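Q: Read left to right, the sequence shown gives residues 8 to 300 (the working numbering).
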Amino acid sequence: MNGLVMITGASGHLGGEVLGALLDRAPADRIAALARKPESLAEFAERGVSVRQGDYFDPAALETAFAGVDTLLLISAPAFTDLKAAHGNTIRAAQSAGVRHILYTAIQHRAGSDFTIPRVTECDAYTETELAASGLDVTVLRLPHYLDAFDEIMIGQVPPDGVIRVPAGHTPTALATRHDIAQAIAQILITDGHAGHDYTLSGSQTFTVDDFARILSEITGTAVTYQNIPMADYIQGLVATGYPEPAAEFLGAWFGANAAGEFTASDDIERLTGRPQIGLSDFLTARRSPSRS
Numbered sequence: 008m009n010g011l012v013m014i015t016g017a018s019g020h021l022g023g024e025v026l027g028a029l030l031d032r033a034p035a036d037r038i039a040a041l042a043r044k045p046e047s048l049a050e051f052a053e054r055g056v057s058v059r060q061g062d063y064f065d066p067a068a069l070e071t072a073f074a075g076v077d078t079l080l081l082i083s084a085p086a087f088t089d090l091k092a093a094h095g096n097t098i099r100a101a102q103s104a105g106v107r108h109i110l111y112t113a114i115q116h117r118a119g120s121d122f123t124i125p126r127v128t129e130c131d132a133y134t135e136t137e138l139a140a141s142g143l144d145v146t147v148l149r150l151p152h153y154l155d156a157f158d159e160i161m162i163g164q165v166p167p168d169g170v171i172r173v174p175a176g177h178t179p180t181a182l183a184t185r186h187d188i189a190q191a192i193a194q195i196l197i198t199d200g201h202a203g204h205d206y207t208l209s210g211s212q213t214f215t216v217d218d219f220a221r222i223l224s225e226i227t228g229t230a231v232t233y234q235n236i237p238m239a240d241y242i243q244g245l246v247a248t249g250y251p252e253p254a255a256e257f258l259g260a261w262f263g264a265n266a267a268g269e270f271t272a273s274d275d276i277e278r279l280t281g282r283p284q285i286g287l288s289d290f291l292t293a294r295r296s297p298s299r300s
């Protein structure tokens, strides 16, 4: 680990996980964190992390915040914001501040696929082009859908009739938890030799939503099944519950990515961390077992 490492988006779920993983591996005085509201990272500041104020849409503040930073983790800006402007500002500020190496969290996609996730895929292509032209060392981290978010947001509570109705198809998918992804990212940040490399930080084992339902049945002792429904029906159902249509379409696109086989298995996390990832059964048991409720 050479020089100061900075995490952008540090007050978010993934950023916080990466900060915690870094503090287990490196001295706090070698770690910096960027947040729009530094007070949101008071816990890390108390542990010795250099917490700096900055906003993806304030180039001058970014350049100031990046002073002395050698390696920068650019966590993708939230959807439904101007991602191209956010990432372009960050890359240019990093250049001006003398950052040497940028790691970028892109969305994983299957080789040769032309499947798109609105507000995500096009921005990734733009950002990777800008990074390639920046003259900086670059490492692209290709992330799948977080297993946590898939469980909490995409599947959510099983309906009373025990039928999960989503448009995910029956294609095997390989997801990973934020925790496992963060552990791998932290390992990359503290070791050398990653410039110019891409890593796919997905699950090492695949599962289908049919498997998900079967495991839930075993854990809860109640029958849970899966019904693959048309995308239009899924979106219409979300809108009927109060979701704005663009948000419903966005959630649907992630299920479409699962159905299209975008999230393929990789052992990169396990190779980087030297330990196995949590499997789907253990993950669901920890979160959905009746004893946990």
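Glycine included, every Cβ here is placed at the ideal spot set by N, Cα and C. Small disclaimer: the values here were computed from a predicted structure and weren't measured.
Taking the runs of the beta strand (DSSP E) that are 3 residues or longer, which of them lie wholly in the stretch 145-180?
A: Listed in chain order, they are 170-173.
Q: With respect to the alpha helix (DSSP H) encompassing SER57, which residues constitute its N-terminal and C-terminal limits?
A: Locating residue 57 in the sequence shown gives position 50, where the first residue counts as 1. Note, SER57: premise wrong, no alpha helix (DSSP H); beta strand (DSSP E) at 57-60.
Q: Comparing C-alpha positions only, which one of ALA230, ARG221, GLU269 sits nearest to THR178?
A: Working through the sequence shown from its first residue, we reach residue 178 at position 171. Nearest option by C-alpha distance: GLU269.
Q: Taking 8 Å as the threshold, find out whether the stretch 92-99 comes into contact with the stretch 115-123 through three or more Cβ pairs.
A: Because the criterion of three Cβ pairs below 8 Å is not met, the stretch 92-99 and the stretch 115-123 do not touch.
Q: When the distance is taken between beta carbons, is LEU279 closer than 9 Å to ASP190?
A: Here the question's residue 190 lines up with position 183 in the sequence shown. Here the question's residue 279 lines up with position 272 in the sequence shown. Strictly speaking, residue 190 in this sequence is Gln, with Asp absent from that position. Contact: yes.
Q: Which residue or residues does DSSP assign as beta-bridge partners of THR207?
A: Sequence index remark: in the sequence shown, residue 207 carries index 200 (1-based). For THR207, which the question treats as bridged, DSSP gives the partners ARG149.
Q: Assuming GLN115 and THR207 make a contact with CB atoms under 8 Å, what is their CB distance in whole Å?
A: Position 108 of the sequence shown, counting from 1, holds the residue named residue 115. Position 200 of the sequence shown, counting from 1, holds the residue named residue 207. GLN115 to THR207, Cβ: 6 Å. Contact.
Q: Which partner residues does GLN194 have in the DSSP bridge list?
A: The residue given as residue 194 occupies position 187 in the sequence shown. Looking at the DSSP assignment, GLN194 forms no beta bridge with any residue, so it has no partner.
Q: Could you check whether ALA272 and SER224 sit closer than 9 Å to each other, using their CB atoms as the reference points?
A: Residue numbering aside, residue 224 sits at position 217 when the sequence shown is read from its first letter. Residue numbering aside, residue 272 sits at position 265 when the sequence shown is read from its first letter. No.
Q: Please return the same chain residues whose Cβ sits closer than 7 Å to the Cβ of ILE226, not counting the five positions on each side in sequence.
A: Locating residue 226 in the sequence shown gives position 219, counting from the first residue. LEU291, THR292, ARG295, SER296, listed in sequence order.
Q: Given GLN60, which residues of its chain have a CB within under 6 Å of its CB, disregarding the five upstream and five downstream residues?
A: As a first step, residue 60 is located in the sequence shown; it is residue number 53 there, counting from the start. So the list reads PRO45, once near-sequence residues are dropped.
Q: Would you mind reading off the limits of the alpha helix (DSSP H) that contains HIS108?
A: Translated into the one-based positions of the sequence shown, residue 108 becomes position 101. Where HIS108 is concerned, there is no enclosing alpha helix (DSSP H), although the beta strand (DSSP E) it sits in stretches over 108-114.
Q: Kindly identify the DSSP beta-bridge partner or partners of GLN234.
A: The count along the sequence shown starts at 1 and reaches residue 234 at position 227. BP columns for GLN234 point to ARG172.
Q: Thinking C-beta only, is ALA100 closer than 9 Å to LEU69?
A: Here residue 69 refers to the residue found at position 62 when the sequence shown is read from its first residue. Here residue 100 refers to the residue found at position 93 when the sequence shown is read from its first residue. The answer is yes: Cβ separation under 9 Å.
Q: Considering only their Cβ atoms, is the gap separating ALA84 from TYR111 smaller than 9 Å?
A: The count along the sequence shown starts at 1 and reaches residue 111 at position 104. The count along the sequence shown starts at 1 and reaches residue 84 at position 77. For TYR111 and ALA84, no; Cβs fall outside 9 Å.
Q: Return the Cβ separation of LEU81 and THR97 in integer angstroms, given the expectation that the two are a contact with Cβ distance under 8 Å.
A: Residue 81 sits at position 74 when you count from the first residue of the sequence shown. Residue 97 sits at position 90 when you count from the first residue of the sequence shown. Confirmed, about 6 Å.
Q: Going by DSSP, name the residue or residues bridged to ALA301.
A: Any property of residue 301 remains undetermined from this structure, which presents the chain solely from 8 to 300.
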